[in-house]
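Working notes, structure below.
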Amino acid sequence: MTGFPRWNDVRAGLVADAGGEEALTEARRRNQAYIDGHRLAERRRLLGLTHTDVAESMGVGKSRISQIERGEVSTVDVIARYVARSDALDLLADHAVVEKDDA
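All residue numbers for the sequence shown refer to full-length UniProt numbering, where the first residue is 1 and numbers rise by one.
What follows is the structure in C-alpha cells.
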C-alpha cells in the first residue's frame, strides 16, 4: 500500500459533496454552457456584430442573445441554433463592412 487514497474513493467523496451524480452532471452542463456562450460571444465580437444583429438573424430578442452568451440556456438546442447561424453571421459581417465602406 502506498498510503495514497484510491481514485474511486476520492471520486465518491466528490460526487457526494456535489449532491450526487445528477447534480454533478448538471454542474458539468452549466459549466459547458458558460464556456460555449463565451466562445459564441467572442466570435460575434470578432465578426463585428452586435447582439441586435444576431438576434434579428435568429428571430429572438437581443436580451436572449445576451443570456445565451452568459451560458443561461435551457437546452443544447438553443446553442445549436446559435451555432447554426454562423454562416449567416459571416454574411452579416461581410454586409456590415460593405455598408460601412459605402457610407
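Every residue gets a Cβ at the ideal spot worked out from N, C-alpha and C, and that includes glycine.
* Grab me the residues of Glu69's own chain with a C-beta within less than 6 Å of its C-beta, minus the 5 sequence neighbours each way, in chain order. => Gly37, Leu40, Ala41
* **Assigned secondary structure, Leu49 (DSSP; H/G/I helix, E/B strand, else coil)** => If DSSP states are grouped into helix, strand and coil, Leu49 belongs with coil.
* Asked: So what's Glu42 in DSSP terms, helix, strand or just coil?
  -> helix
* Of the choices Met58, Arg64, Leu14, whose alpha-carbon is the least far from that of Arg81? -> Met58
* To do: Report yes if the CB atom of Ala55 is closer than 7 Å to the CB atom of Gly61, and no otherwise.
  => yes
* Between which two residues does the alpha helix (DSSP H) carrying Leu10 extend? -> At residue 10 the sequence reads Val, which differs from the Leu that was named. Residues 7-18.
* Gly71 classed as buried or exposed, judged by whether at least 16 other C-beta atoms fall within 10 angstroms -> buried
* Asked: Less than 7 Å separating the beta-carbons of Leu24 and Ala33?
  -> no
* **Chain-order list of residues whose beta-carbon lies under 6 Å from that of Val98 (same chain, five-residue window excluded)** => Residue placement at Val98 is flagged as unreliable, the pLDDT there being 41, under the threshold of 50; the coordinate-derived value follows with that caveat. Around Val98: no qualifying Cβ.
* Asked: CB His51 to CB Ile65, shorter than 7 Å?
  -> yes
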